[in-house]
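Trainee: Residues in the sequence shown are numbered from 170 upward in steps of one, following our numbering.
Structure below; questions to follow.
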Amino acid sequence: MRSSGITWRSILIAIVLIPLNAWWLMQIEHIRNTDYASTTALFFNAVSILIILLGLSALIRWLMPSLALSRPELLVIYIVAVAGTNIGGHDQLQILLPTLSYVFRGADPANRWAQLIHPLLPRQLMPPEQGTTIPRLYEGGSSLYYSGHLSAWTGPLLWWGGFVIVVVFTMLCVCAIFRRQWDNERLNYPIAEVPLWITTPKRGLFINKLMWVAFGLAFTLRILTILPHFFPAFPQIPLGVHYYSTDTMPWRAAGSIPISSFPFIYGLAYLLPLQLAFSCWFFPLFGRLQLLLCAVLGLAYGSAHGDPPYLSQQELGAFLGVSGFIIWAARGHLKKVWRQAWGTKVLDDSDEPMPYQVAFWGFVVGMGVLIYFASFAGMRPLTALIYFVGLMAVVLTTARIRAEFGLPTIELCCQVGVDDAMQRVAGNQMWTPQDKTVWALFFFLNRTHRQFPMSNQMDALHIARQANMSLRWVTVVILAGFALGTVAALWAWLHVSYQVGLESARNMGPAVWAFGNAPWAKLASTLAFPRPPNIPSSVAYLVGMGVTFFLAAMRTRFLWWPFHPVGYLLVGSVGPLRIWFPIFVTWLIKSAILRYGGHTMYRQAFPFFIGLILGDFSAGFLRTIIDLAYQLYLPASSGLGGL
Numbered sequence: 170m171r172s173s174g175i176t177w178r179s180i181l182i183a184i185v186l187i188p189l190n191a192w193w194l195m196q197i198e199h200i201r202n203t204d205y206a207s208t209t210a211l212f213f214n215a216v217s218i219l220i221i222l223l224g225l226s227a228l229i230r231w232l233m234p235s236l237a238l239s240r241p242e243l244l245v246i247y248i249v250a251v252a253g254t255n256i257g258g259h260d261q262l263q264i265l266l267p268t269l270s271y272v273f274r275g276a277d278p279a280n281r282w283a284q285l286i287h288p289l290l291p292r293q294l295m296p297p298e299q300g301t302t303i304p305r306l307y308e309g310g311s312s313l314y315y316s317g318h319l320s321a322w323t324g325p326l327l328w329w330g331g332f333v334i335v336v337v338f339t340m341l342c343v344c345a346i347f348r349r350q351w352d353n354e355r356l357n358y359p360i361a362e363v364p365l366w367i368t369t370p371k372r373g374l375f376i377n378k379l380m381w382v383a384f385g386l387a388f389t390l391r392i393l394t395i396l397p398h399f400f401p402a403f404p405q406i407p408l409g410v411h412y413y414s415t416d417t418m419p420w421r422a423a424g425s426i427p428i429s430s431f432p433f434i435y436g437l438a439y440l441l442p443l444q445l446a447f448s449c450w451f452f453p454l455f456g457r458l459q460l461l462l463c464a465v466l467g468l469a470y471g472s473a474h475g476d477p478p479y480l481s482q483q484e485l486g487a488f489l490g491v492s493g494f495i496i497w498a499a500r501g502h503l504k505k506v507w508r509q510a511w512g513t514k515v516l517d518d519s520d521e522p523m524p525y526q527v528a529f530w531g532f533v534v535g536m537g538v539l540i541y542f543a544s545f546a547g548m549r550p551l552t553a554l555i556y557f558v559g560l561m562a563v564v565l566t567t568a569r570i571r572a573e574f575g576l577p578t579i580e581l582c583c584q585v586g587v588d589d590a591m592q593r594v595a596g597n598q599m600w601t602p603q604d605k606t607v608w609a610l611f612f613f614l615n616r617t618h619r620q621f622p623m624s625n626q627m628d629a630l631h632i633a634r635q636a637n638m639s640l641r642w643v644t645v646v647i648l649a650g651f652a653l654g655t656v657a658a659l660w661a662w663l664h665v666s667y668q669v670g671l672e673s674a675r676n677m678g679p680a681v682w683a684f685g686n687a688p689w690a691k692l693a694s695t696l697a698f699p700r701p702p703n704i705p706s707s708v709a710y711l712v713g714m715g716v717t718f719f720l721a722a723m724r725t726r727f728l729w730w731p732f733h734p735v736g737y738l739l740v741g742s743v744g745p746l747r748i749w750f751p752i753f754v755t756w757l758i759k760s761a762i763l764r765y766g767g768h769t770m771y772r773q774a775f776p777f778f779i780g781l782i783l784g785d786f787s788a789g790f791l792r793t794i795i796d797l798a799y800q801l802y803l804p805a806s807s808g809l810g811g812l
């Protein structure tokens, strides 16, 4: 008998945590721009909350055993914390609101946004241009709750909130369709295994001496990074990311090469399969080598996103190629789901997140609503269909890679997703000004492609399955967590932003220059300067697909082949490039352990690397609490940011 884990206690704790977590997230990521809880695969705030609840539950169990939280209750709270962090994070709703407002705030005679863009905007979806709603948002020293600010935002946020929830539901339907297939393929879900591992009773995690050694080491190193803020003479602990570059040609074409050291990355990298770990540090550096070779050949240098060797375009081609592999591998299962959707009983779906008929038609209806919303905003239906099909292919790839390998981070940055590909392949004259305007409004969906809800939804379903919880009830928890998280994130962003001000000195985040200006500057450029199809970029998409197919074929045919096709998806990514060094070091250590100690030593060392994760996360979370409590504005070098 599977339990749901949904009790009044878990519901109450989750409801209290959702707005608190949203406020914390906006303070740390949006305002201070120091720690990015939501940009890595494993959210350090959610893990820290789980550790705190485990500690409190252990104390309560010692005093009053009947009141201690059960494992399913703890995991339900964790799932809700992850959902709220995901949807309110750096790559999701923190992007939407500055995009909606800065198109008015940033308009001036030089950029001609008022003439080029404002007539194309769907006013029902935008905050009012006139009045104090937008000026006070950027100046700060105000409040969301007076001068009509809240009422001015209510209409647009109802539209956008509904749209976000439909996006979440549509991805959840895809999860329900693919979950059994991926279980049959024996995917490992490494990220989901961390909360499962630390909540498993009688596993002995918290009595393992090796774990506590690593925990203490990582915790101490992270805490020591704060001390130079108070005592300038104290030596700086070299955690975080440090960039190294040269002005000598042609070497400067490769750009800055980062060297980073995050204890938690060493821990997460230990979870990677050995062959993939090699590819995860090799291919980001291989991308820099391509930039260097282009400079030597006199083609271009210093750009990874839109010039030779078109690294980002190679990446997107690889993403789309992998999505084809995923669908092809699941073709037998998908045929059965198709028959079941039309009323033929083929599969027993009583223990699935939702009946396959509901999942299939829910996906179809969800896609229809998304297309309708885009059409309502001004995009042509066929354009919207192409865009959302391509976006879902990228989403499917990121979720599959997360479920199979657990990469610490993955991204397709910046503004080089499906909408950019459509304009490069067909030329931006092929698409109407309204099409391109709606793409700018969807900037939060296509900026980095790093933290789509589907990846965390699949992890949550795996957690439920492994913990013997009801998938149907956990699906309700997931959807409710994302829905309440959406409301809380929109409230928290506006609440904090009106107090601080997006253009004030207290705001250290990228809301203005990255989330507000970037999509509209690109749109203005495409409107003012129409461009024909970009043939080299189109070839790069095909090259990305072709290289992925080649690597997959070689890996299938030859056991000695060292390059994993998934690694090629990182060839132009900035985030994976930042962590190549700890992945490389961990790859060396893990290789030595498996070579000389075998799987016995691998299992014995496992608690040490889990301890690195838990210690770094716990200290990082404590650091944010100290920062907020005393309004210290601790430097980013002492935090878990940089990914």
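Glycine included, each C-beta is placed from N, C-alpha and C at the ideal position.
1. Within the continuous alpha helix (DSSP H) that includes Tyr479, where are the two ends?
2. Kindly indicate which three-state DSSP category Val740 falls into: helix, strand or coil?
3. Indicate the three-state DSSP secondary structure (helix, strand or coil) for Met677 in the structure shown.
4. For the beta strand (DSSP E) holding Ser430, just list the boundary residues, first then last.
5. Quick one: what's got a C-beta closer than 7 angstroms to Tyr771's C-beta in the same chain, skipping five residues either side?
6. What are the uninterrupted segments assigned as alpha helix (DSSP H) that are 4 or more residues long and contained completely in the stretch 389 to 438, given in chain order?
7. Spatial neighbours of Phe388 within its chain, please: CB distance less than 8 angstroms, with the 5 preceding and 5 following residues excluded, ordered by chain position.
8. Hey, how far is the Cα of Ala805 from the Cα of Arg201?
9. Say whether chain C places a C-beta atom closer than 7 angstroms to the C-beta of Pro401.
10. Which two residues bound the contiguous alpha helix (DSSP H) that contains Tyr247?
11. Note down, in chain order, each residue of its chain lying with its Cβ closer than 8 angstroms to the Cβ of Ser430, except the 5 sequence neighbours on either side.
12. Span of the alpha helix (DSSP H) holding Asp260?
13. Measuring alpha carbon to alpha carbon, tell me which residue in Gly559, Thr552 and Trp322 is nearest Gly486.
14. Cα-Cα, which of Ser217, Trp729 and Ala633 is closest to Ser794?
15. Would you mind sorting Ser179 into buried or exposed? The rule is 16 or more other CB atoms within 10 Å of its CB.
16. Quick check on His618: does DSSP put it in helix, strand or coil?
17. Quick one: what's got a C-beta closer than 7 angstroms to Met623's C-beta in the same chain, skipping five residues either side?
18. Please determine whether the Cβ atom of Ser448 lies at a distance below 6 angstroms from any heavy atom of the ligand NAD.
19. Report the rounded CA-to-CA distance for Met170 versus Asn637, giving the unit in angstroms.
20. Report yes or no: do the stretch 531 to 539 and the stretch 381 to 396 share at least 3 C-beta pairs separated by less than 8 angstroms?
21. Let me know the secondary structure DSSP gives Gly713 once reduced to three states.
22. Report the residue from Pro734, Asp204 and Asp518 whose alpha carbon sits nearest the alpha carbon of Tyr802.
23. Which residues mark the beginning and the end of the alpha helix (DSSP H) in which Ile748 is found?
24. In this structure, how does DSSP classify Ser694 when only helix, strand and coil are distinguished?
25. On the CB-based measure, 16 or more other CB atoms within 10 Å of its CB, does Val465 come out buried or exposed?
26. For Val587, report the span of its alpha helix (DSSP H) as first-last.
Mentor: Taking the structure as given:
1. Neither: Tyr479 is in no alpha helix (DSSP H) and is coded neither H nor E.
2. coil
3. Three-state result, Met677: coil.
4. Ile426 to Ser430
5. Same-chain partners within the cutoff: Ile762 and Leu763.
6. 396 to 399
7. Gly784, Asp785, Ser787 and Ala788
8. One alpha carbon belongs to Ala805, the other to Arg201, and they sit about 8 angstroms apart.
9. No chain C is part of this structure, which consists of one protein chain only.
10. Arg240 to Ile256
11. Closer than 8 angstroms at Cβ, skipping near neighbours: Pro407, Leu408, Gly409, Phe750 and Pro751.
12. Element bounds for Asp260: n/a, residue is neither H nor E.
13. Gly559
14. Per the sequence presented here, residue 794 reads as Ile, with Ser not at that position. Considering only alpha carbons, the answer is Ser217.
15. Counting other Cβ atoms within 10 Å of its Cβ, Ser179 reaches 16 or more and is therefore classed as buried.
16. coil
17. Same-chain partners within the cutoff: Met340, Val343, Cys344, Val564 and Ala568.
18. Among the components of this structure there are no ligands whatsoever, and the ligand NAD is therefore not found.
19. Residue placement at Met170 is flagged as unreliable, the pLDDT there being 42, under the threshold of 50; the coordinate-derived value follows with that caveat. Approximately 8 angstroms between the Cα atoms of the pair.
20. no
21. helix
22. Nearest to Tyr802 by C-alpha distance, out of Pro734, Asp204 and Asp518, is Asp204.
23. For Ile748, there is no enclosing alpha helix (DSSP H), as DSSP marks it with neither H nor E.
24. helix
25. exposed
26. Start and end: Val587 to Ala595.
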